Amino acid sequence: MKAKSQVAKISAKAAVVPKISHPIIPLKDRRLNFGAKWDYTPSLEDAKPYPIAPRHELFINGKFIAPAARNYFPSINPATEQPLTEIAEANADDVDRAVKAARRAYDRVWGKMPARERGKYLYRIARIIQEKARELAVLETVDGGKPIKESRDVDLPLVAAHFFYYAGWADKLKYAFPGKTPHPLGVAGQIIPWNFPLLMAAWKIAPALACGNTVVLKPAETTSITALRLATIFQEAGLPDGVVNIVTGAGATGAAIVNHPDINKIAFTGSTEVGKHIAKAVAGSGKKLTLELGGKAANIIFEDASLDQAIEGIIAGIYFNQGHVCCAGSRLLVQEGIYPQVIEKLRDRIQTLRVGNPLDKNTDIGAINSAAQLAKIRELVQSGLDEGAALQQTQCALPAKGYWYPPTFLTGVTHAHRVAQEEIFGPVLSVMTFRTPEEALERANNTPYGLSAGIWTDKGSKIFKMAAKLQAGVIWANCYNKFDPTSPFGGYKESGFGREGGLQGLAAYSRLD
Amino acid sequence: MKTVPGTLATRPAFLALPPASFQRAFATVPTIDQIMTEERAAAFTKRSLKTTAKLAGLKMAVSMCDLTTLEGKDTPGKVAYLCRKALQPIEAKYGVPPCAAVCVYPNLVKPARRFLGDRSPVKIAAVATGFPSGQYPLRTKLEEVRRTVADGADEIDMVIDRGAFLAGEHARMFDEIAATKAACGPAHLKVILETGELVTYDNVRLASEIAMQAGGDFIKTSTGKVSPAATLPVTLVMLEAIRDHFFATGIRIGMKPAGGIRTAKQALAYLVMVKETLGDDWLTPDLFRIGASSLVTDLLMQIVKCAEGNYQAAEYFSLP
Chain A
20 MKAKSQVAKI SAKAAVVPKI SHPIIPLKDR RLNFGAKWDY TPSLEDAKPY
70 PIAPRHELFI NGKFIAPAAR NYFPSINPAT EQPLTEIAEA NADDVDRAVK
120 AARRAYDRVW GKMPARERGK YLYRIARIIQ EKARELAVLE TVDGGKPIKE
170 SRDVDLPLVA AHFFYYAGWA DKLKYAFPGK TPHPLGVAGQ IIPWNFPLLM
220 AAWKIAPALA CGNTVVLKPA ETTSITALRL ATIFQEAGLP DGVVNIVTGA
270 GATGAAIVNH PDINKIAFTG STEVGKHIAK AVAGSGKKLT LELGGKAANI
320 IFEDASLDQA IEGIIAGIYF NQGHVCCAGS RLLVQEGIYP QVIEKLRDRI
370 QTLRVGNPLD KNTDIGAINS AAQLAKIREL VQSGLDEGAA LQQTQCALPA
420 KGYWYPPTFL TGVTHAHRVA QEEIFGPVLS VMTFRTPEEA LERANNTPYG
470 LSAGIWTDKG SKIFKMAAKL QAGVIWANCY NKFDPTSPFG GYKESGFGRE
520 GGLQGLAAYS RLD
Chain B
0 MKTVPGTLAT RPAFLALPPA SFQRAFATVP TIDQIMTEER AAAFTKRSLK
50 TTAKLAGLKM AVSMCDLTTL EGKDTPGKVA YLCRKALQPI EAKYGVPPCA
100 AVCVYPNLVK PARRFLGDRS PVKIAAVATG FPSGQYPLRT KLEEVRRTVA
150 DGADEIDMVI DRGAFLAGEH ARMFDEIAAT KAACGPAHLK VILETGELVT
200 YDNVRLASEI AMQAGGDFIK TSTGKVSPAA TLPVTLVMLE AIRDHFFATG
250 IRIGMKPAGG IRTAKQALAY LVMVKETLGD DWLTPDLFRI GASSLVTDLL
300 MQIVKCAEGN YQAAEYFSLP
């Protein structure tokens with residue numbers, strides 16, 4: 020008792036004590052100053068050791084060959100607008116050659132090969148990717164505009180991880196689906212996008228090969244270089260000729276793959292618009308189809324969330340890879356009570372994002388992939404402004420050449436705005452508020468898409484309650500944009516169907532009896 | 000946001016205290032998510048500092064060091080040597096600024112003051128309040144602080160009563176800090192949370208709030224006697240608390256990670272974190288310090304490497 024009374028006595032004294040020995044900054048001047056004091060000098064990753072050949076041919080039947088029509092198109096560096104190389108344009112004849120090579124390889128070699136032998140090739144490919152990770156990261160950055168920090172620390176480790184993961188499945192397939200026996204499908208036609216060129220190639224090729232299929236892959240026309248570099252890794256790994264064929268080109272090349280009669284499976288990652296065309300073209304053909312399409316994910320922040328960490332999740336959700344992410348958290352739903360704090364913190368946080376040369380190791384936001392994509396982003400943001408939204412952007416200077424868009428968020432957005440409905444596929448976030456969890460749910464699901472969502476709350480029960488009702492293939496709780504080969508990925512509704520990654524990813528490339 | 004629990008034992012003291020600011024600290028503090036905090040902290044280590052930015056960062060780090068010796072076998076001679084090193088860490092031609100302070104036990108404040116004189120650019124910091132455990136009666140802690148300040152300390156590095164904090168007696172902890180601040184008089188007060196004993200980031204955030212509300216001029220991670228000492232995520236949580244306190248009150252509180260920071264590379268990561276969390280205004284020894292002993296030597300070795308192009312052997316540098 021005595022001790023307690025002493026505390027009370029000191030308390031009474033303490034009540035008058037906290038003397039202010041500091042200047043008090045008036046309210047209007049209370050802001051953080053992210054200026055040029057101790058600015059970081061550029062720290063460029065050296066691209067010189069990795070020269071890019073002036074011309075890239077098609078990779079068919081284990082060899083690089085010229086396209087039948089001898090047509091080539093330029094590939095440029097989006098950060099400088101300088102041409103990097105020219106890429107062969109495959110027409111229907113080239114695609115036919117590739118499919119024939121894949122069929123031959125399937126019938127004669129790969130389809131008959133013992134599964135453990137297939138696994139060995141995949142392990143070998145994974146190891147070579149790790150050895151050449153730096154080169155591949157540099158090429159990915161130069162070709163696509165993404166910051167070297169991301170291609171080095173996210174893309175390449177995941178590419179290798181996917182090959183390792185599916186290499187492990189190759190000889191264990193009969194245990195993957197209890198009571199059922201998986202068989203390969205045959206020749207898989209795969210069409211991939213430009214946002215994660217090498218990673219998407221890995222997502223498609225690794226499970227297809229593990230399950231015993233052969234592949235005809237078409238990379239996006241703006242980002243073909245790393246897929247073709249991957250082809251040389253297949254050569255180095257001694258992968259039998261024709262098991263993987265890479266045909267480059269634009270929409271017409273893709274259409275030739277989709278419409279080829281001797282393909283058993285189409286896997287497409289890209290826009291919902293193209294996905295719908297493919298679904299129509301494939302209908303009735305007997306081809307198996309998986310589609311991974313667009314998204315307009317809701318990132319939902321509740322009042323009880325760990326706020327500073329939620330801000331990091333918002334940043335990771337929308338500014339990762341310049342927002343060129345189908346599962347980007349592009350609709351921010353903030354619970355009313357914390358809306359002012361979230362806006363203030365977000366405004367401060369984006370000031371520290373560094374936009375510029377993607378080869379600079381300190382760059383957080385690289386170049387927009389193409390002039391067309393930049394125009395689309397600008398058009399959509401302008402529509403938001405025309406419809407009454409307010410613009411918040413970083414003050415950073417942008418390079419004179421190349422395609423750039425600063426980290427942006429729009430406030431005063433309603434669910435009826437185009438920027439709240441259409442996929443922008445750029446570093447632009449639309450911020451909205453909600454009052455109750457039910458309202459958040461209703462708004463989050465009020466979209467034709469259903470690829471991903473984020474939930475931020477300190478309450479576990481709320482996470483489960485929300486996750487059960489959100490119509491999204493991937494839901495991140497108190498984190499965002501986390502990827503792992505063991506975890507299936509894919510969408511609901513107009514975001515597509517079928518799963519890639521994990522055990523479920525095997526089903527997309529197998530016939531189950 | 001969560002409500003801070005109070006035990007029955009603290010209630011009387013809690014209710015005895017009227018100030019509104021006090022209520023704010025105790026009513027709610029934000030929760031901290033471990034995974035995203037650690038991920039964010041790790042991101043700062045990825046900044047790549049080269050050439051002029053590296054050299055400027057290294058020199059700035061030296062100017063923020065509290066050159067520390069906290070051993071039972073410390074002597075006035077060792078302290079004099081430390082003071083000399085703090086005044087001029089290396090030959091003048093390298094243009095390295097003096098360290099911010101020397102940090103010593105109370106009994107060695109007088110010799111330090113004798114050596115440095117009254118107008119030294121190097122401050123004298125003394126650990127007090129029953130450092131490192133804090134397991135002493137408040138009366139003796141306050142007496143220790145008063146005497147140490149009278150002996151010439153510019154700054155007092157106090158330890159909080161972790162026992163009281165962990166038992167939920169937050170009011171008691173608040174009172175002790177406030178009383179220590181009063182005993183400091185003109186001296187600046189750094190409040191050591193000993194985050195290694197608080198364990199969770201939620202605790203670190205709450206303790207930071209209380210320390211700032213109660214009058215601490217700086218909040219400091221560790222004594223250096225408990226492992227883990229300073230870490231990047233713990234420091235990040237404290238920097239975020241400082242930022243929110245600034246927005247709420249207009250007062251800029253300082254930050255001092257201490258213990259375990261031994262390499263120049265680590266020190267630069269801390270500076271990057273300060274720059275990108277609190278901004279340029281905190282990149283000053285008035286608001287950011289690093290408590291260390293061997294760190295300065297590594298900083299100097301790197302500075303000489305930047306200037307001369309190659310590393311010099313360790314024996315060219317004075318001991319920490």
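Top to bottom, those sequences are chains A and B. This note's numbering applies: residue 20 is where the first sequence begins, and numbers increase by one. This note's numbering applies: residue 0 is where the second sequence begins, and numbers increase by one. A virtual CB, placed ideally from N, CA and C, is assigned to each residue, including glycine. Bear in mind the structure is a predicted one, so any value in this text is a computation, not a measurement.
- At least one CB atom of chain B sits nearer than 8 Å to the CB of L326/A.
- Taken atom to atom, the span from the alpha-carbon of L158/A to that of E255/A is near 18 Å.
- Put simply, the CB of M59/B is near chain A, with a gap under 8 Å to one of its CB atoms.
- Under a 10 Å Cβ-count criterion, H169/B is classified as buried, with 16 or more other Cβ atoms of the shown protein chains found around its own Cβ.
- Following the DSSP letters along the chain, one finds H436/A in no alpha helix (DSSP H), marked with neither H nor E.
- For E331/A, the chain B residues whose C-beta falls within less than 8 Å of its own C-beta are M35, E38, R39, listed in chain order.
- In this chain, the beta strand (DSSP E) harbouring L531/A covers 529-531.
- For N381/A, the chain B residues whose C-beta falls within less than 8 Å of its own C-beta are R46, S47, listed in chain order.
- Close to T505/A, with beta-carbon spacing below 9 Å, lies no residue of chain B; the smallest spacing is near 18 Å.
- Distance from the Cα of E70/B is smallest, within the candidate group T222/B, G162/B, R204/B, E307/B, for T222/B.
- Under the 10 Å beta carbon count, L235/B is surrounded by 16 or more other beta carbons and is classified as buried.
- When Cβ-Cβ separations below 8 Å define contact, P29/B makes contact with chain A.
- R518/A is a Cβ neighbour of F508/A, given a cutoff of 8 Å.
- Within the stretch 41-95 of chain B, complete alpha helix (DSSP H) segments of at least 4 residues are found at 50-62, 75-86, given in chain order.
- For N106/B, the closest of T296/B, V148/B, I176/B, A247/B by C-alpha to C-alpha distance is V148/B.
- Nearest Cα to E240/A within the set M451/A, G445/A, A109/A, G403/A: A109/A.
- Counting only runs of at least 3 residues, the stretch 138-204 of chain B fully encloses the following beta strand (DSSP E) elements, listed from N- to C-terminal order: 154-158, 187-191.
- Burial is judged here by how many other beta carbons sit within 10 angstroms of a residue's own beta carbon; I34/B has fewer than 16 and is exposed.
- Non-local C-beta neighbours of N500/A in its own chain, meaning closer than 8 Å and more than five positions away in sequence, comprise A335, G336, F339, V344, C346, A347, G348, ordered along the chain.
- The beta carbon of C498/A sits closer than 8 Å to some beta carbon of chain B.
- Residue pairing of A156/A in beta bridges, as defined by DSSP: absent, with no partner found.
- At a cut-off of 8 Å between C-beta atoms, D58/A counts as an interface residue with respect to chain B.
- E331/A: member of the alpha helix (DSSP H) spanning 326-338, first to last residue.
- Runs of the beta strand (DSSP E) lying entirely within the stretch 219-264 of chain A, each at least 3 residues long, are 233-237 in chain order.
- Excluding its 5 nearest sequence neighbours in each direction, V203/B has C-beta neighbours in its own chain below 7 Å: L192, T194, L197, V233, V236, M237, listed in chain order.
- In the three-state scheme derived from DSSP, where H, G and I count as helix and E and B as strand, H279/A is classed as coil.
- Per DSSP, the unbroken alpha helix (DSSP H) holding N464/A starts and ends at 456-464.
- If you draw a straight line from the Cα of R143/A to the Cα of Q149/A, it is about 10 Å long.
- Pairing A100/B with V121/B gives a Cβ-Cβ distance under 8 Å.
- Among the CB atoms of chain A, none fall inside 8 Å of the CB of A266/B.
- Taking each of L318/B, T276/B, E175/B, P88/B in turn and checking the Cα distance to L57/B, the smallest one comes out for P88/B.
- Exclusion of the five residues before and after S389/A leaves P97, W213, T241, Y422 as the residues of its chain whose Cβ lies within less than 8 Å of its Cβ.
- Non-local C-beta neighbours of L54/B in its own chain, meaning closer than 6 Å and more than five positions away in sequence, comprise C305, ordered along the chain.
- Here D379/A carries a strand assignment [DSSP, helix/strand/coil].
- Two segments are said to touch when three or more pairs of C-beta atoms, one from each, lie closer than 8 Å; by this definition the stretch 190-206 of chain A touches the stretch 219-234 of chain A.
- T68/B places its beta carbon 8 Å or farther from that of V61/B.
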